[in-house]
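Residue numbers (my numbering), protein chains in the order written: chain R, 4 to 262; chain G, 144 to 509.
In what follows, a structure is listed as structure tokens, so that the remarks can point back to it.
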């Protein structure tokens, strides 16, 4: 694969940090979901976050574009700190794309309109330009022929690829993936993963919450394992899978890799 | 080697298709259903023929006074014919009827392109109809400018008044209702509580009370000498009252939109108003079209209540007409006429809403 831009294993060595979480805590009512999360993500780095359900992995990446609020600590994206300031939030959201488990395409708009909406209304691009860019990205995810259809007419895998294209149309620096293949039939998982791998090869900074360990092994620079709101272990994939340090990680890996 | 010849298609059993099949599956599918069907047919036999004969066959259509109806056993449509101008235009001066005709004719002409598929700038036209057209209509009705004689609102009446009340009510209550619905779901405590109080207040009082308060009580609270039009007060009352109902209908639609839609809009960097206007409301409103039109129809019929504050809408003016000593005893004709006019308008609204639902359906599962 492409190891040219940022060889794995030395994430903290360069002074190229694009996302930084410092001592982040979050509670849902009494429930302590995130406990002292510290994480720095370099430009072009591809991180896979795994862990049992309820471990806070989705919550963590949803804090990065402020779909969830953190209550303590700092989150800094591209030099902008996320606070209650709406301007900062809008600034970060412009630069950070997100792909959801359930696609969340807009069912009343065609595929092309889904892709053009944010560039036109947020980036203020002229419609023609936005449409041309959208078609380029739809070609990249290999469904330009579906541009005039409505999301309800596409398969799950196609919908997720449209969702990826929709995010890319905003030209984000960072892409967040929240279990992008968990709602898909087995035969559609591959087409979405292929798209993600291609995206990774183009040098995009990616944070993926996923259970696809094959994907982690192929493209990740770093794998992060979370449990009960804490980052238990982080390592480059080869070490992580072959030589897990903590017994919790070992247990998790033994359970998901058995089959 | 044997050659397989496919069997020819045979006709289905005679009792399963065509008229017989339909009768069997819809009217006579079981003994109980057969009995109920026969009973219903008997009831129709009892009521429909006499009705048709009263309304059409034995009715009197020609003539211009009560005497024309003396012999006939059916309806006396002469009554409606003689009074039709009043029913349509109220007490508007006869020489100025053309102004009302022009106003409604203009609306029809302006609305036609909205139904033509290939017409491009529907949005601009709609804005024109909603913003500029009411000003033109007001000028035409009220006069006072451009050499038109001034006609006081107390002389407006009949169907034209009903349509004006309903039109203003509909045009004002939908946007107001949407704003209230968004307010009620807002995270800002003040906006939220103001919306809740407003909605619950207006839903909690009967429309009659609202109209009565607006016409009798309000002037008492206003400083001496300020006087604003009774019709205007009734319009405001109706609009605020219906907007509270509209708000609850719209809120139902907003609640039905999955959280993922809000999140996707936010994640793309759309601001609150943009995500509402472009993503949430188009879907939510489409979901509640039946409820919205239901409210419109209720509003249209509720306009008849303005008669208690002395405005002569269609129903009021018909009632006033059969109080005329010359035409005593023809109230049934009057009510049937009023009912059929109301029915035509309400039924068209209902059909339009159905066609709109069909058109906007994009075949989506999410």
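All C-beta atoms in this analysis are idealised placements derived from N, C-alpha and C, irrespective of residue type, glycine included.
Counting Cβ pairs, one atom from each stretch, are 3 or more of them under 8 Å apart for the segment 413-432 of chain G and the segment 101-111 of chain R? The segment 413-432 of chain G, when compared against the segment 101-111 of chain R, does touch it at the 8 Å Cβ threshold.
Cα-Cα separation between residue 249 of chain R and residue 236 of chain R, rounded to whole angstroms: By 1-based counting over the first chain, the position of residue 249 of chain R is 246. By 1-based counting over the first chain, the position of residue 236 of chain R is 233. In a straight line, the C-alpha of residue 249 of chain R is about 7 Å away from that of residue 236 of chain R.
Quick check for students: name the residue ranges of the alpha helix (DSSP H) that lie wholly in the segment 98-128 of chain R, counting only runs of 4 or more. Secondary structure remark: continuous alpha helix (DSSP H) runs of at least 4 residues inside the segment 98-128 of chain R, in chain order: 114-124.
Measuring only the C-alpha atoms, how far is residue 353 of chain G from residue 262 of chain G? On the second chain, position 210 is the one that residue 353 of chain G refers to. On the second chain, position 119 is the one that residue 262 of chain G refers to. Approximately 42 Å, taken between the alpha carbons.
For residue 109 of chain G, which of G/384, G/328, G/294, G/218 has the nearest alpha-carbon? Residue 109 of chain G falls outside the range modelled here, since chain G spans only 144 to 509, and no answer is possible.
Alpha-carbon spacing of residue 155 of chain R relative to residue 114 of chain R, whole angstroms: Taking the first chain and counting its residues from 1, one reaches residue 155 of chain R at position 152. Taking the first chain and counting its residues from 1, one reaches residue 114 of chain R at position 111. So the two alpha carbons sit approximately 10 Å from each other.
Alpha-carbon spacing of residue 72 of chain R relative to residue 402 of chain G, whole angstroms: Counting from 1 along the first chain, the entry for residue 72 of chain R is found at position 69. Counting from 1 along the second chain, the entry for residue 402 of chain G is found at position 259. Roughly 16 Å separates the two Cα atoms.
Pair within 7 Å by beta-carbon distance, residue 23 of chain R and residue 79 of chain R: As a position in the first chain, residue 23 of chain R is number 20, starting the count at 1. As a position in the first chain, residue 79 of chain R is number 76, starting the count at 1. Yes, the pair counts as a contact, with Cβ atoms nearer than the cut-off.
Should the segment 298-313 of chain G be regarded as contacting the segment 429-437 of chain G, the criterion being three or more beta carbon pairs within less than 8 Å? These segments do not touch.
Residue 44 of chain R, enclosing beta strand (DSSP E) - first and last residue: By 1-based counting over the first chain, the position of residue 44 of chain R is 41. For residue 44 of chain R, the enclosing beta strand (DSSP E) covers residues 34-45.
Going by DSSP, what residues sit across from residue 24 of chain R in a beta bridge? On the first chain, position 21 is the one that residue 24 of chain R refers to. According to DSSP, residue 24 of chain R shares a beta bridge with R/42, R/78.
Tell me the rounded alpha-carbon separation between residue 150 of chain G and residue 491 of chain G. On the second chain, residue 150 of chain G is found 7 positions in, with the first residue counted as 1. On the second chain, residue 491 of chain G is found 348 positions in, with the first residue counted as 1. Spanning the two alpha carbons is a distance of roughly 51 Å.
State yes or no: is the beta carbon of residue 400 of chain G nearer than 7 Å to at least one beta carbon in chain R? Position 257 of the second chain holds residue 400 of chain G. Output row for residue 400 of chain G: interface = no.
With 16 as the cutoff for other CB atoms within 10 Å, does residue 105 of chain R come out buried or exposed? As a position in the first chain, residue 105 of chain R is number 102, starting the count at 1. A buried status is given to residue 105 of chain R, since no fewer than 16 other beta-carbon atoms sit within 10 Å of its beta-carbon.
Against residue 96 of chain R, what residues of chain G qualify as contacts under a CB-to-CB distance less than 9 Å, listed in chain order? On the first chain, residue 96 of chain R is found 93 positions in, with the first residue counted as 1. Chain G residues near residue 96 of chain R: 409, 410, 411, 412, 413.
Hey, quick one: how far does the alpha helix (DSSP H) through residue 333 of chain G stretch, first residue to last? Working through the second chain from its first residue, we reach residue 333 of chain G at position 190. First-last of the alpha helix (DSSP H) with residue 333 of chain G: 332-347.
Can you find at least 3 beta carbon pairs, one from the segment 304-318 of chain G and one from the segment 381-401 of chain G, that sit closer than 8 Å? Of all C-beta pairs linking the segment 304-318 of chain G to the segment 381-401 of chain G, three or more are shorter than 8 Å, placing the two stretches in contact.
Assuming residue 225 of chain R is part of the beta strand (DSSP E), what are its boundary residues? Counting from 1 along the first chain, the entry for residue 225 of chain R is found at position 222. Run containing residue 225 of chain R: 225-230, per the beta strand (DSSP E) assignment.
Can you round the beta-carbon distance between residue 125 of chain R and residue 412 of chain G to whole angstroms, since I take them to be within the 8 Å contact cut? Here residue 125 of chain R is taken as the residue at index 122 of the first chain, counted from 1. Here residue 412 of chain G is taken as the residue at index 269 of the second chain, counted from 1. Rounded, the Cβ-Cβ distance is 5 Å, consistent with contact.
Following the continuous beta strand (DSSP E) through residue 208 of chain R, name the residue where it begins and the one where it ends. Along the first chain, one-based indexing puts residue 208 of chain R at 205. Per DSSP, residue 208 of chain R belongs to the beta strand (DSSP E) from 208-212.
Quick check on the burial criterion: 16 or more other C-beta atoms within 10 angstroms. Buried or exposed for residue 174 of chain R? The count along the first chain starts at 1 and reaches residue 174 of chain R at position 171. Residue 174 of chain R comes out exposed.
Apart from the five residues on each side of it in sequence, which residues of its chain come closer than 7 Å, Cβ to Cβ, to residue 211 of chain G? In the second chain, residue 211 of chain G corresponds to position 68, counting from 1. Around residue 211 of chain G: 203, 205, 221.
If the cut-off is 7 Å on Cβ atoms, which residues from the segment 213-241 of chain G count as contacting chain R, listed in chain order? Cβ contacts with chain R: none found.
Relative to the alpha-carbon of residue 76 of chain R, which residue among R/53, R/202, R/42 has its alpha-carbon at the smallest distance? Translated into positions along the first chain, residue 76 of chain R becomes position 73. Residue 76 of chain R has its Cα closest to that of R/42, out of R/53, R/202, R/42.
Do residue 51 of chain R and residue 232 of chain R have their beta-carbon atoms positioned less than 7 Å apart in this structure? Your numbering for residue 232 of chain R matches position 229 in the first chain. Your numbering for residue 51 of chain R matches position 48 in the first chain. Between residue 232 of chain R and residue 51 of chain R, the CB-CB gap reaches or exceeds 7 Å.
Against chain G, with Cβ distances strictly below 7 Å, would residue 117 of chain R count as a contact? Residue 117 of chain R sits at position 114 when you count from the first residue of the first chain. Not an interface residue.
According to DSSP, simplified to helix, strand and coil, what is residue 179 of chain R? Taking the first residue of the first chain as position 1, residue 179 of chain R is located at position 176. It is a strand residue.
So which residues of chain R does residue 463 of chain G contact, with C-beta pairs closer than 8 Å? On the second chain, position 320 is the one that residue 463 of chain G refers to. Correct list: empty, because the minimum Cβ distance to chain R is about 48 Å.
Distance check for residue 92 of chain R and residue 28 of chain R, CA to CA, integer angstroms please. Translated into the one-based positions of the first chain, residue 28 of chain R becomes position 25. Translated into the one-based positions of the first chain, residue 92 of chain R becomes position 89. If I take the Cα positions, the gap works out to 18 Å.
My output table needs one value for residue 267 of chain G: the three-state DSSP class, helix, strand or coil. Locating residue 267 of chain G in the second chain gives position 124, where the first residue counts as 1. Of the three classes helix, strand and coil, the one that applies to residue 267 of chain G here is helix, per DSSP.
Looking at the C-beta of residue 136 of chain R, does it have a partner C-beta in chain G at a distance below 7 Å? Working through the first chain from its first residue, we reach residue 136 of chain R at position 133. No, residue 136 of chain R lies away from the interface with chain G (no Cβ there is under 7 Å from its Cβ).
Tell me which residue opens and which closes the alpha helix (DSSP H) that residue 489 of chain G is part of. Mapped onto the second chain, residue 489 of chain G falls at position 346. That run of the alpha helix (DSSP H) goes 474-503.
Considering only DSSP beta bridges, list what residue 456 of chain G is partnered with. Sequence index remark: in the second chain, residue 456 of chain G carries index 313 (1-based). The partner list for residue 456 of chain G (beta bridge, DSSP) reads G/301.
Apart from the five residues on each side of it in sequence, which residues of its chain come closer than 7 Å, Cβ to Cβ, to residue 184 of chain R? Numbered from 1 along the first chain, position 181 holds the residue referred to as residue 184 of chain R. The beta carbon of residue 184 of chain R sits closer than 7 Å to the beta carbons of 192, 195, 196, 213, 215 from its chain, once the five residues preceding and following it are set aside; these are given in chain order.
CA-to-CA distance, residue 171 of chain G to residue 481 of chain G, given in whole angstroms: For the purposes of this step, residue 481 of chain G is taken as residue 338 along the second chain, with counting starting at 1. For the purposes of this step, residue 171 of chain G is taken as residue 28 along the second chain, with counting starting at 1. Distance between residue 481 of chain G and residue 171 of chain G, taken at the CA atoms: about 38 Å.
Can you tell me the Cα-Cα spacing of residue 247 of chain R and residue 59 of chain R, whole angstroms? Counting from 1 along the first chain, the entry for residue 247 of chain R is found at position 244. Counting from 1 along the first chain, the entry for residue 59 of chain R is found at position 56. One C-alpha to the other measures close to 20 Å.
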